[in-house]
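Under full-length UniProt numbering, the letters of the sequence shown match residues 1 to 471, in that order.
In what follows, a single structure is set out as structure tokens and then discussed.
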Amino acid sequence: MAPPFIRIQDIADILIMTFLLYQLYSWFYRTRAMQVLLGLGVVTLIYFATRFLGLYMTSWILQELGTVLIILLIVVFQAEIRQALYRFSLLRHLFERRNEVRPSPFQDIVETLFCLAAKRTGALLVFERNDPLGDLMLNGVKMDCRISSQILETVFTDGTPLHDGAALVRGERIAVASCHLPLSVNPEIPQYLGTRHRAALGLSERTDAVVAVVSEERGTVSLAVGTELRPYDTPGELIAALEGLFAPHLEKPHITHGLHLFSNLMPKTAILLIVATLWALISSRQGQIITVSAPVRLHGIPDRLALVRSAPEEVDVQLKSFSILTPLPSKLDISADIDLSSVRQGQANVRVKNTDFRLPSGMEVTSVTPSSIRVVTDRKERRRVPVRVALRRNTGHGLRGMKIVADPDWVEVEGPAAQVQRIDAVVTEEVDAGRLIRGQDYRRSLLPPDNNISVLRDEPVVVRLISREKK
């Protein structure tokens with residue numbers, strides 16, 4: 001029975017690819033890696049277009065260039081790739097402790113930030129959550145001290161050795177100060193925002209860290225979360241925001257997960273349409289039927305029986321393809337591997353089943369012609385027969401008083417009983433009698449008497465020229 005036009009596996013295939021591509025989009029959204037990925041996507045589309053149009057040289061160059069570009073992307077964006085793999089790690093969620101990140105003393109931190117804003121002193125404070133930040137926060141000075149208002153004011157006061165850069169808050173301690181952060185390349189950031197705000201967004205876009213920014217030009221306090229920069233007017237608002245990010249209520253995840261499916265509908269819908277279109281293109285060869293010839297290969301004959309003959313030697317197979325990714329049948333080594341383990345002595349018709357063909361995924365057998373093969377078997381027999389040396393008689397002059405012998409002069413043969421009984425000898429490869437030298441050994445292989453007869457000796461026999469024994 002032919003499968004439906006759209007199978008359950010196809011729907012699952014589309015949904016899985018949509019989820020993976022959306023995760024990729026979320027991780028690299030509004031980062032410099034996103035721009036490179038878009039460019040790589042355009043190059044990929046051009047490559048497939050050139051292949052479709054038959055521009056072989058251009059498609060070959062793009063294919064070779066794509067291999068080099070992938071290596072360069074891995075080297076250049078190794079930090080982003082590491083972050084993405086860490087986020088996607090399922091084992092991380094299973095083995096890490098849920099209480100590993102504890103709430104910081106937000107009261108002292110927030111009051112200090114608004115105090116610095118009133119003095120028009122710039123500050124950049126990073127709150128670490130789950131993602132590691134070591135690859136993105138560079139050139140920092142290790143501190144590892146408890147958070148206090150005095151420490152924060154000392155770090156960010158203009159003129160101190162550590163004021164230029166960001167400080168990292170890990171738990172209830174300041175881990176590092178004077179760190180350099182990656183800048184955001186999002187072109188939609190307003191021009192009036194300075195380097196601190198771009199650095200805060202550059203880190204929050206790449207990780208799940210929360211970054212507090214104090215502007216020395218405007219005296220404002222903002223929080224960078226993901227791709228958003230949120231300003232706060234009062235310490236209470238900022239404390240509530242930090243507590244909501246680091247200590248959410250237990251019932252909040254249920255609401256979030258329920259609505260998460262319907263958030264960011266625009267990119268999700270676009271990715272779903274792209275994946276569905278690609279699936280349609282890949283499945284464009286669905287239903288195409290091609291007929292190929294497949295040789296018949298027999299196996300599993302019972303040990304007590306021997307094959308006498310079989311017909312036909314080839315069958316015509318009609319194959320149905322369900323995807324353009326499936327190789328063309330003409331490029332496949334397709335054969336009918338038929339099991340004869342259930343046959344009995346004599347003549348039998350063996351049905352050729354669809355399961356006798358090994359096919360790649362996305363292809364199935366629709367019909368086989370003929371639908372069965374005829375085999376004839378006989379009782380297997382083993383017999384000892386003499387070895388006869390085949391000579392080129394027109395060159396056999398001058399051998400008076402000599403004879404040509406084979407060592408060994410007897411071998412065992414095996415095959416169908418009726419054919420074995422008719423064999424009187426096994427012949428060697430031809431020997432030029434005129435060039436034989438007395439006492440010298442010549443190795444010659446044995447020739448099977450018939451296609452169904454096996455000579456139970458793999459090594460060649462030794463042919464010698466010796467004197468005839470006198471009676």
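Virtual Cβ for every residue (Gly too), placed ideally from N, Cα, C.
Values in this document were obtained by computation on a predicted structure and should not be read as measured data.
Query, Result
"Residue span of the beta strand (DSSP E) that contains Ala-306, given as start and end", "305-311"
"Which of helix, strand or coil DSSP assigns to Phe-127", "strand"
"Beta bridge counterpart(s) of Ile-466 as assigned by DSSP", "Lys-403"
"C-beta atoms of Val-169 and Phe-127 nearer than 7 Å", "yes"
"Exposure of Tyr-442, with buried meaning 16 or more beta-carbon neighbours within 10 Å", "buried"
"C-beta atoms of Val-350 and Phe-357 nearer than 7 Å", "no"
"Extent of the continuous alpha helix (DSSP H) to which Ala-200 belongs", "195-206"
"Own chain residues within Cβ distance below 7 Å of Pro-235, not counting five before or after", "Val-110, Glu-111 and Phe-114"
"CA nearest to the CA of Asp-407, picked from Ile-466, Val-368, Gly-401 and Asp-450", "Ile-466"
"Backbone CA spacing between Ala-175 and Val-213 [nearest angstrom]", "18 Å"
"Pairwise C-alpha distance: Gln-345 and Gln-16", "The residue asked about is misnamed: residue 16 is Ile in this sequence, not Gln. If I take the Cα positions, the gap works out to 54 Å."
"Limits of the unbroken alpha helix (DSSP H) element including Pro-235", "235-246"
"Range of the contiguous beta strand (DSSP E) that encloses Asp-339", "336-339"
"Classification of Met-1 by the beta-carbon crowding that lies within 10 angstroms, buried from 16 upward", "Residue placement at Met-1 is flagged as unreliable, the pLDDT there being 40, under the threshold of 50; the coordinate-derived value follows with that caveat. So Met-1 ends up on the exposed side."
"Three-state secondary structure assigned by DSSP to Asn-99", "Bear in mind that a pLDDT of 47 at Asn-99, under 50, signals an unreliable position, so the number given afterwards is only what the model happens to contain. It is coil, neither helix nor strand."
"Contact between the stretch 44-61 and the stretch 287-302 (3+ Cβ pairs under 8 Å)", "no"
"Residues of its chain near Ile-189, where Cβ-Cβ distance is below 7 Å and the 5 sequence neighbours each way are ignored", "Arg-198 and Leu-201"
"7 Å Cβ cutoff met for Thr-369 and Asp-316", "yes"
"Cβ contact check for the stretch 377-389 and the stretch 409-422: 3 or more pairs under 8 Å", "yes"
"Short Cβ contact (7 Å threshold) for Ile-11 with Ala-276", "no"
"Whole-angstrom distance between Ala-294 and Ser-367, CA atom to CA atom", "12 Å"
"Residues that DSSP places opposite Gly-346 in a beta bridge", "Thr-377"
"Nearest neighbour of Ser-371, chosen from Asn-354, Val-387 and Met-363 [CA to CA]", "Asn-354"
"Whole-angstrom distance between Pro-448 and Leu-456, CA atom to CA atom", "10 Å"
"First and last residue of the uninterrupted beta strand (DSSP E) at Asp-144", "141-146"
"Gly-165 in three-state terms, based on DSSP", "coil"
"Proximity of Arg-383 and Val-426 at Cβ, strictly below 7 Å", "no"
"Opening and closing residue of the alpha helix (DSSP H) in which Leu-116 lies", "106-118"
"Range covered by the alpha helix (DSSP H) that runs through Leu-152", "149-156"
"In DSSP terms, what Thr-369 is bridged to", "Asp-316"
"7 Å Cβ shell around Val-405 - same chain, five flanking residues per side excluded", "Arg-464 and Ile-466"
"Beta-carbon contacts of Ile-271 that lie in its chain and below 7 Å, excluding the five residues immediately before and after", "Thr-18, Leu-21, Tyr-22 and Tyr-25"
"Host alpha helix (DSSP H) of Ala-417 (start-end)", "417-421"
"Per-residue DSSP class, three states only, for Ala-12", "helix"
"Residues near Ile-147 by beta carbon distance below 7 Å, same chain, minus five either side", "Ser-104, Pro-105, Asp-108, Ile-109, Val-169, Glu-172, Arg-173 and Ile-174"
"For Leu-223 and Val-210, believed in contact at Cβ under 8 Å, the rounded distance", "6 Å"
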